[in-house]
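The next block holds one structure in the form of structure tokens; read it before the comments.
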Amino acid sequence: MKTYSEQQDPAAIALQRYSLHGETMGTRYSAIFFAAPDIDEAAIGAGLFAAVDKVDQQMSTWKSNSDLSCLNRAPEHHWQKVPEALIFVLTAALRVSRQSRGAFDIGVGDLVNTWGFGPNAQQINEQQINALKSQERWLATDVLDIDVVQCRVRKRASITLDLSGIAKGYGVDQLAHCLDTFGITRYLVGIDGEMRARGTKPDDRPWSIAIEKPVRDQREVMGVMELGDAAIATSGDYRHWTEFQGEHYAHTMNSALREPLRNRLASVSVVASSCILADAWATALLVLGEEAGIELAQTRGMDALFVLHDGDGFKEIST
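Note that the sequence shown covers residues 1101 to 1419 in this note's numbering.
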């Protein structure tokens, strides 16, 4: 009788483990993969950095010369040329926005800045907050025209776009695509907790993903999820937040209420076929809250983990 190790593919056993990482989008990206010992590690490292740097250069609100920043500065009713990748992300964002009944909205850049989270952030001012609540407001789906053929975008009303709820997920997908082009089929890539996996480890074990406990000011593992040929993203109220008038506000905006979201959800993790979808849907379900979010996830047959505040602890609900 053969032992487990003797039954494994000899080629898989010979694979070497690699771990590459770097800085992007104000955080870090990582890539763990198994490949042949003679693979060009330097070329792969350069490819990974180029993949995420391109996303950052095109979609960052923190870079004044990014394509997204240029689009935000463009006058209304003007067709602005943008890269094909930005067209892809904008189209995906509007699709999720419609499917989530506007819970996921990329037209919240003004809210992000007013509440102190954006590149043009300032001290939170109650007068400005009240002014935003009284102003007429549109969802991005209502005022954004996208010309896929000619790669151009037009705003039909004043709106400031923010892709922080979807761009990192797209960046993770680009890391995966980079490794795919090098013929690597066993990997785990991620940006700041948004992860995508392909294949298994050489011993056929799946990739293990730590799910953080949604508590502020500390890092603690709540559980572990096994992932293979899928992506996972988490949105929550515990990493980026601010305090105003004695209350804590998360960085995720509720476009309908024109303020940061406030509900019982501490975090939402979504597993999907791509990280761009997992990222956007984790944000959408978080905004929808514990009732509407869970209901929509169940209706759409989504793999999601909802963590709710429950007294001094947490309650988990999975769909």
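Heads up, the beta-carbon is just placed ideally off N, CA and C, and yes, glycines get one too.
Below 8 Å, enough C-beta pairs join the region 1112-1126 and the region 1156-1174 to call them touching: three or more. Residues A1384 of the same chain have their beta carbon placed closer than 6 Å to that of S1200, with the five preceding and five following residues left out of the count. For H1277, there is no enclosing beta strand (DSSP E); the residue is part of the alpha helix (DSSP H) that begins and ends at 1267-1281. Of the candidates C1278, R1298, V1407, N1230, V1407 places its Cα closest to the Cα of M1322. Looking at the DSSP output, E1326 sits in a beta bridge with S1308. Membership of K1154 in any beta strand (DSSP E) is not indicated; the residue belongs instead to the alpha helix (DSSP H) covering 1141-1159.
By the CB criterion at 9 Å, R1237 and W1179 fall outside the cutoff. Straight-line measurement puts the Cα of G1271 at about 15 Å from the Cα of G1145. When secondary structure is reduced to three states using DSSP, Q1116 falls in the strand class. With a beta-carbon spacing of about 19 Å, G1216 and L1261 fall beyond the 8 Å limit used to define contacts.
Contact between the region 1184-1203 and the region 1157-1175 is present, with at least three C-beta pairs closer than 8 Å.
Taking 9 Å as the cut-off, the beta carbon of E1294 is found closer than this to the beta carbon of D1379. S1200: not part of any alpha helix (DSSP H); DSSP gives it neither H nor E. Residue state for S1367 is assigned as strand, using DSSP reduced to three classes. Here the C-alpha atom of N1363 lies approximately 6 Å from the C-alpha atom of G1389. Nearest in C-alpha terms to G1401, of all of S1418, E1391, G1411, is S1418. Its Cα nearest to that of L1239, the residue N1354 stands out among W1307, N1354, S1373. Of the residues I1224, F1414, D1140, the one whose Cα lies closest to the Cα of P1314 is F1414. Of all alpha-carbon atoms in S1367, Q1250, P1219, D1329, the one lying nearest the alpha-carbon of L1263 is that of P1219. Going by DSSP, D1210 is part of the alpha helix (DSSP H) stretching over 1209-1214. Closest by C-alpha distance to L1357, out of V1387, A1330, A1366, is V1387.
Comparing alpha-carbon positions, the option among V1196, I1291, L1275, V1243 lying closest to A1151 turns out to be L1275.
Judged by beta-carbon spacing, A1366 lies beyond the 9 Å limit of A1333, meaning their Cβ atoms are not closer than that value. Within the same chain, L1115, Q1116, Y1118, I1284 come within 7 Å of A1135 by CB-CB distance, once the 5 residues on both sides are set aside.
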